[in-house]
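What follows is one structure encoded as structure tokens, with my remarks underneath.
Protein chains: 6
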Amino acid sequence: MATLGLIGYKDASAEVRAIYDDIMATRKTDWINNFWQALAHDPATLRRTWQSIKEIMAPGALDALTKEMIYLAVSATNQCPYCIASHTAAARKQGMTDAVLAELIAVVGMANETNRLASGYQVEIDDRFKTVDG
Amino acid sequence: MATLGLIGYKDASAEVRAIYDDIMATRKTDWINNFWQALAHDPATLRRTWQSIKEIMAPGALDALTKEMIYLAVSATNQCPYCIASHTAAARKQGMTDAVLAELIAVVGMANETNRLASGYQVEIDDRFKTVDG
Amino acid sequence: MATLGLIGYKDASAEVRAIYDDIMATRKTDWINNFWQALAHDPATLRRTWQSIKEIMAPGALDALTKEMIYLAVSATNQCPYCIASHTAAARKQGMTDAVLAELIAVVGMANETNRLASGYQVEIDDRFKTVDG
Amino acid sequence: MATLGLIGYKDASAEVRAIYDDIMATRKTDWINNFWQALAHDPATLRRTWQSIKEIMAPGALDALTKEMIYLAVSATNQCPYCIASHTAAARKQGMTDAVLAELIAVVGMANETNRLASGYQVEIDDRFKTVDG
Amino acid sequence: MATLGLIGYKDASAEVRAIYDDIMATRKTDWINNFWQALAHDPATLRRTWQSIKEIMAPGALDALTKEMIYLAVSATNQCPYCIASHTAAARKQGMTDAVLAELIAVVGMANETNRLASGYQVEIDDRFKTVDG
Amino acid sequence: MATLGLIGYKDASAEVRAIYDDIMATRKTDWINNFWQALAHDPATLRRTWQSIKEIMAPGALDALTKEMIYLAVSATNQCPYCIASHTAAARKQGMTDAVLAELIAVVGMANETNRLASGYQVEIDDRFKTVDG
Chain A
344 MATLGLIGYK
354 DASAEVRAIY
364 DDIMATRKTD
374 WINNFWQALA
384 HDPATLRRTW
394 QSIKEIMAPG
404 ALDALTKEMI
414 YLAVSATNQC
424 PYCIASHTAA
434 ARKQGMTDAV
444 LAELIAVVGM
454 ANETNRLASG
464 YQVEIDDRFK
474 TVDG
Chain B
344 MATLGLIGYK
354 DASAEVRAIY
364 DDIMATRKTD
374 WINNFWQALA
384 HDPATLRRTW
394 QSIKEIMAPG
404 ALDALTKEMI
414 YLAVSATNQC
424 PYCIASHTAA
434 ARKQGMTDAV
444 LAELIAVVGM
454 ANETNRLASG
464 YQVEIDDRFK
474 TVDG
Chain C
344 MATLGLIGYK
354 DASAEVRAIY
364 DDIMATRKTD
374 WINNFWQALA
384 HDPATLRRTW
394 QSIKEIMAPG
404 ALDALTKEMI
414 YLAVSATNQC
424 PYCIASHTAA
434 ARKQGMTDAV
444 LAELIAVVGM
454 ANETNRLASG
464 YQVEIDDRFK
474 TVDG
Chain D
344 MATLGLIGYK
354 DASAEVRAIY
364 DDIMATRKTD
374 WINNFWQALA
384 HDPATLRRTW
394 QSIKEIMAPG
404 ALDALTKEMI
414 YLAVSATNQC
424 PYCIASHTAA
434 ARKQGMTDAV
444 LAELIAVVGM
454 ANETNRLASG
464 YQVEIDDRFK
474 TVDG
Chain E
344 MATLGLIGYK
354 DASAEVRAIY
364 DDIMATRKTD
374 WINNFWQALA
384 HDPATLRRTW
394 QSIKEIMAPG
404 ALDALTKEMI
414 YLAVSATNQC
424 PYCIASHTAA
434 ARKQGMTDAV
444 LAELIAVVGM
454 ANETNRLASG
464 YQVEIDDRFK
474 TVDG
Chain F
344 MATLGLIGYK
354 DASAEVRAIY
364 DDIMATRKTD
374 WINNFWQALA
384 HDPATLRRTW
394 QSIKEIMAPG
404 ALDALTKEMI
414 YLAVSATNQC
424 PYCIASHTAA
434 ARKQGMTDAV
444 LAELIAVVGM
454 ANETNRLASG
464 YQVEIDDRFK
474 TVDG
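Chains as they are written, first to last, in my numbering: chain A, 344 to 477; chain B, 344 to 477; chain C, 344 to 477; chain D, 344 to 477; chain E, 344 to 477; chain F, 344 to 477.
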């Protein structure tokens, strides 16, 4: 159970409701998941986190699906159960198929492996990788 | 300096050279970066790792650039300096622009933040996120 | 369920009971949480861990509440569910209010974000930060 | 070297300079450390990150020194060299003595140890730790 | 519940069944644990992962028990609940006693502690540790 | 450079010298590596850490080499450069050959991969793995 409990829409202050409304409108959904209901105990963090997420996850140089997949890749690497569950759902809503999910997880697994091969063998960075121009 | 040193092409066994050749042919490049030269002390791991990378990173349901970006997202999350340097270069070779890099890192940063907000508040997974159908 | 099960006070050896007694006396409580009951299968580790915790968490240059908050910050970063639950309770016992908890988690989240921005952009340490005198 | 290089004050756009000015004014300093100069390639992330840091790190329920210590605890746990160096300096500026630093690191070390003892033994969360009231 | 569900032996394709058969034969067991049943949705990853595991975990310069203990040490460090549970069982099958388990976890805990003491104090690598010859 | 600098034998207090002497005698060596010289600014932590290391790393149910290999596996997983360098040297001193090192790193890499496959697919723990008897 969330440390401070959850704050549902009915019990929320006007300030929190306005953020909930924006979340639902932006995401074209009619419910608020537990993450936001837990954060609502700290309206300043709720507002700042939502504004950041809204800005960062909007399509730009990267499309929304790719951004959700990157979010999921980070969450799987960190082994955050809540985040894996919620961003798997979010990526699917953006169109992630099972085949894409499978390839995504395969890359995440492999990257976690070679990260440790590189550190385990104490491999030095190649000079060619150090230049600003790549 | 890599724990066991590096094995350059000239000093490599025929077995290792064959893998080096395949790496260069697959990647359309004429050099072998330190990671593989360090792994070459263990030809079985060199071969297995290369075969896995070659299979996983080939375009499929996801294109090669997206896969490299996911690789970079994992490496930045794990804070593996070698891997960040090498996969930044690899993603650029696949077409990652500076604008894409910036959005990618922004998502990685945000995901690492909300992963800890979720764990810090001990947020439980919503029932809607638990179904197989998402 | 803990790998080796839990050892309650009644079933504990005299050696383990003495440590349980010291834990309860030091913490001014009348029960032993699962962590210690799981460790009790290895009395040497139980004793060493308790002695270290007792020494480290005693008020010194830092007060007990600040130490518990740091403990919680680490546990949230590592996403250790048991540790987050137990140290949230411990910090509250030391006087952590909900407002303090909220600010603590906000800092933990932000630090985890900027840690990856720094690594993602491969930022070099400023010379001014390298001096012993700070 | 930072992936995209650093943008010094002289070479910065008016938008970036305004943020640099606010950073220096808020921190009562006359220079901009590499982190911000690297982020400046992405003005949106520079602005958002600075605004979040400014809001989160301002004294509130927790004082500025405690917040910097929590930041440092997270950075040491994540083993982010840049972040450890910069937040060690920042915490010292807020008054962290060597004695405080030593106790802080001792707590961080111990928390990282017991986090793995708890996970290694698969310890279940005590019912008493699950209640909202702690 | 696994994201894509589990694929039992009865419902598996011939390709997947052949891998299940090899897993059971190699491990001298008559069941397939959830990990492989979840991976079976991606036969390419199932095959590659099993082949790598089979090759890596076979006795060589290190015996099978030591390899399982290293696997468990990594899993406890990463705090992966599934992996800790499954590799605790696997190590026991290879002969890990409770006394060995206790010493293993003690080392894992201590290593996680000193890793952060080293990073927290920003300790530089000794020149003597940098030579290829160790 | 270590945050508080290093304290060499000549400049050390009698209390610190006694610990340095015990380290050198126990390890049959004639020098003190940077880690301990950095910790020496906090004699309580120096003493406690050394006593714990001395107790934990002594041969018991596990031999000294296996313990060093587990230490190295954790350090490579955490990507702690200092710890990887120092424990690679320590393990070699205990007899780790290059062939053993290669197999060790291969297992560490694979474990880090499958840890994320398990979390990425949200695999539930098998009932058979939950029993105390394994």
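Note that CB positions come from ideal geometry on N, CA and C, so glycine has one too.
In this text the structure is predicted, and so the values were computed from the model without any measurement.
Using a Cβ-Cβ cut-off of 7 Å (strictly less than) and excluding sequence neighbours within five positions of Arg-360 of chain C, which residues of its own chain qualify?
For the purposes of this step, residue 360 of chain C is taken as the residue at position 17 of the third sequence. Counting only Cβ-Cβ distances below 7 Å, and skipping sequence neighbours, we find Tyr-352.
Find the residues of chain E that neighbour Glu-398 of chain B, judging by a C-beta separation of less than 8 Å, and give them in chain order.
For the purposes of this step, residue 398 of chain B is taken as residue 55 along the second sequence, with counting starting at 1. Near Glu-398 of chain B (Cβ distances below 8 Å), the residues of chain E are Ala-387 and Arg-391.
Could you tell me the alpha carbon to alpha carbon distance between Ala-432 of chain E and Asp-385 of chain F, rounded to whole angstroms?
For the purposes of this step, residue 432 of chain E is taken as the residue at position 89 of the fifth sequence. For the purposes of this step, residue 385 of chain F is taken as the residue at position 42 of the sixth sequence. Near 41 Å, if we compare the C-alpha coordinates of Asp-385 of chain F and Ala-432 of chain E.
Let's see if you can read the secondary structure: which residues bound the alpha helix (DSSP H) around Thr-409 of chain A?
Numbered from its first residue, the first sequence carries residue 409 of chain A at position 66. 407-421 is the extent of the alpha helix (DSSP H) around Thr-409 of chain A.
Work out the CA separation of Asn-421 of chain B and Gly-452 of chain F for me, nearest whole Å.
The count along the sixth sequence starts at 1 and reaches residue 452 of chain F at position 109. The count along the second sequence starts at 1 and reaches residue 421 of chain B at position 78. In a straight line, the C-alpha of Gly-452 of chain F is about 13 Å away from that of Asn-421 of chain B.
Please go through the same chain and pick out, in chain order, the residues whose beta-carbon is closer than 6 Å to the beta-carbon of Ala-407 of chain C, but skip the five residues on each side of it.
Your numbering for residue 407 of chain C matches position 64 in the third sequence. Hits under 6 Å: Gln-437.
Just the C-alpha distance for Ala-345 of chain D and Ser-418 of chain B, rounded to the nearest angstrom, thanks.
Your numbering for residue 345 of chain D matches position 2 in the fourth sequence. Your numbering for residue 418 of chain B matches position 75 in the second sequence. Whole-angstrom Cα-Cα distance: 16 Å.
According to the Cβ coordinates, are Thr-327 of chain D and Thr-372 of chain C closer than 8 Å?
In the structure displayed, chain D extends from 344 to 477; residue 327 of chain D sits before or after that span and is not available.
With respect to the alpha helix (DSSP H) encompassing Val-466 of chain B, which residues constitute its N-terminal and C-terminal limits?
Sequence index remark: in the second sequence, residue 466 of chain B carries index 123 (1-based). Val-466 of chain B -> no alpha helix (DSSP H), and no H or E assigned at all.
Output yes if chain E places a C-beta closer than 8 Å to the C-beta of Ser-356 of chain D; else output no.
The sequence position of residue 356 of chain D within the fourth sequence is 13, counting from 1. No, Ser-356 of chain D lies away from the interface with chain E (no Cβ there is under 8 Å from its Cβ).
To the nearest angstrom, how far is the alpha carbon of Lys-397 of chain B from that of Ala-355 of chain B?
The count along the second sequence starts at 1 and reaches residue 397 of chain B at position 54. The count along the second sequence starts at 1 and reaches residue 355 of chain B at position 12. Those two C-alpha atoms are separated by around 21 Å.
Pro-402 of chain B: which of A:Ser-429, A:Ala-428, A:Arg-435 and A:Leu-447 sits nearest, CA to CA?
Counted from its first residue, the second sequence places residue 402 of chain B at position 59. Of the candidates A:Ser-429, A:Ala-428, A:Arg-435 and A:Leu-447, the one whose C-alpha sits nearest the C-alpha of Pro-402 of chain B is A:Leu-447.
For Asn-455 of chain F, would you say it is in contact with chain D, using Cβ-to-Cβ distances shorter than 8 Å as the test?
If you number the sixth sequence from 1, residue 455 of chain F lands on position 112. Not an interface residue.
Measure the C-alpha to C-alpha separation of Ala-381 of chain B and Cys-426 of chain B and round it to an integer number of angstroms.
The residue labelled residue 381 of chain B in the question sits at position 38 within the second sequence. The residue labelled residue 426 of chain B in the question sits at position 83 within the second sequence. Cα to Cα, the separation comes out at about 14 Å.
Does any C-beta atom of chain E lie closer than 8 Å to the C-beta of Gln-465 of chain F?
Locating residue 465 of chain F in the sixth sequence gives position 122, where the first residue counts as 1. At least one chain E Cβ lies under 8 Å of Gln-465 of chain F.
Does Gly-452 of chain C get closer than 8 Å to chain B when you measure Cβ to Cβ?
As a working note, residue 452 of chain C is residue 109 in the third sequence. Yes, Gly-452 of chain C lies at the interface with chain B (some Cβ there is under 8 Å from its Cβ).
So, using beta-carbon positions, are Ala-434 of chain D and Glu-411 of chain D closer together than 8 Å?
Within the fourth sequence, numbered from 1, the residue matching residue 434 of chain D stands at position 91. Within the fourth sequence, numbered from 1, the residue matching residue 411 of chain D stands at position 68. Cβ distance < 8 Å, so Ala-434 of chain D and Glu-411 of chain D count as in contact.
Can you give me the C-alpha to C-alpha distance between Asp-469 of chain F and Gln-465 of chain D, rounded to a whole angstrom?
Here residue 469 of chain F refers to the residue found at position 126 of the sixth sequence. Here residue 465 of chain D refers to the residue found at position 122 of the fourth sequence. Taking the straight line from one Cα to the other gives about 14 Å.
Looking at chain A, which residues of the stretch 406-430 of chain D have a Cβ within less than 9 Å of any of its Cβ atoms?
Result list empty, no residue passes.
Could you compute how far the alpha carbon of Leu-415 of chain E sits from the alpha carbon of Asn-377 of chain F?
As a first step, residue 415 of chain E must be located in the fifth sequence, where it is residue number 72. As a first step, residue 377 of chain F must be located in the sixth sequence, where it is residue number 34. Spanning the two alpha carbons is a distance of roughly 29 Å.
Taking Leu-347 of chain D as the query, report the chain B residues whose CB atoms sit under 7 Å from its CB, ordered along the chain.
As a first step, residue 347 of chain D must be located in the fourth sequence, where it is residue number 4. Asp-441, listed in chain order.
Does any residue of chain H have a CB that is nearer than 8 Å to the CB of Ser-462 of chain A?
The structure shown contains no chain H; its protein chains are A, B, C, D, E and F.
At the 8 Å Cβ level, is Asp-469 of chain A part of the contact set with chain B, yes or no?
Numbered from its first residue, the first sequence carries residue 469 of chain A at position 126. Yes, because at least one Cβ of chain B sits closer than 8 Å to the Cβ of Asp-469 of chain A.
Leu-444 of chain A by DSSP, collapsed to three states: which one?
Locating residue 444 of chain A in the first sequence gives position 101, where the first residue counts as 1. Leu-444 of chain A falls in the helix class under three-state DSSP.
Within the stretch 352-415 of chain F, note down every full alpha helix (DSSP H) run reaching 4 residues or more, in order along the chain.
For the stretch 352-415 of chain F, whole alpha helix (DSSP H) runs of length 4 or above, ordered along the chain, are 357-370, 377-382 and 386-400.
Report the neighbours of Gly-403 of chain A on chain B: residues whose CB is nearer than 7 Å to its CB, in chain order.
Within the first sequence, numbered from 1, the residue matching residue 403 of chain A stands at position 60. Those within 7 Å of Gly-403 of chain A in chain B are Glu-446.
Can you find a CB in chain C that lies within less than 8 Å of the CB of Ala-434 of chain E?
Here residue 434 of chain E is taken as the residue at index 91 of the fifth sequence, counted from 1. For Ala-434 of chain E, the answer is no, since every Cβ of chain C falls outside 8 Å of its Cβ.
Does any CB atom of chain A fall closer than 8 Å to the CB of Ala-368 of chain C?
Reading the third sequence from its first residue, position 25 is the one you call residue 368 of chain C. Answer no: the Cβ-Cβ gap between Ala-368 of chain C and chain A never drops below 8 Å.
Which whole-angstrom value describes the C-beta separation of Ala-449 of chain F and Ile-399 of chain E, a residue pair presumed to lie in contact below a C-beta threshold of 8 Å?
Here residue 449 of chain F refers to the residue found at position 106 when the sixth sequence is read from its first residue. Here residue 399 of chain E refers to the residue found at position 56 when the fifth sequence is read from its first residue. Confirmed, Cβ separation roughly 5 Å.
What residue range is occupied by the uninterrupted alpha helix (DSSP H) comprising Ile-427 of chain A?
Counting from one through the first sequence, the residue named residue 427 of chain A turns up at place 84. Taken as a continuous stretch (DSSP letters only), the alpha helix (DSSP H) holding Ile-427 of chain A covers 424-436.
What does the alpha-carbon distance come out to for the pair Thr-474 of chain F and Cys-423 of chain E?
Counting from 1 along the sixth sequence, the entry for residue 474 of chain F is found at position 131. Counting from 1 along the fifth sequence, the entry for residue 423 of chain E is found at position 80. Each residue's alpha carbon lies about 18 Å from the other.
For Leu-347 of chain B, which residues of its own chain have a beta-carbon under 6 Å away from its beta-carbon, when the five flanking residues on both sides are left out?
Here residue 347 of chain B refers to the residue found at position 4 of the second sequence. Counting only Cβ-Cβ distances below 6 Å, and skipping sequence neighbours, we find His-384.
Between Ala-449 of chain C and chain D, is any beta-carbon pair separated by less than 8 Å?
In the third sequence, the residue the question calls residue 449 of chain C occupies position 106. Yes, contact with chain D.
In three-state DSSP terms, what is Gly-452 of chain E?
As a working mapping, residue 452 of chain E is identified with position 109 in the fifth sequence. Three-state DSSP puts Gly-452 of chain E in a helix.
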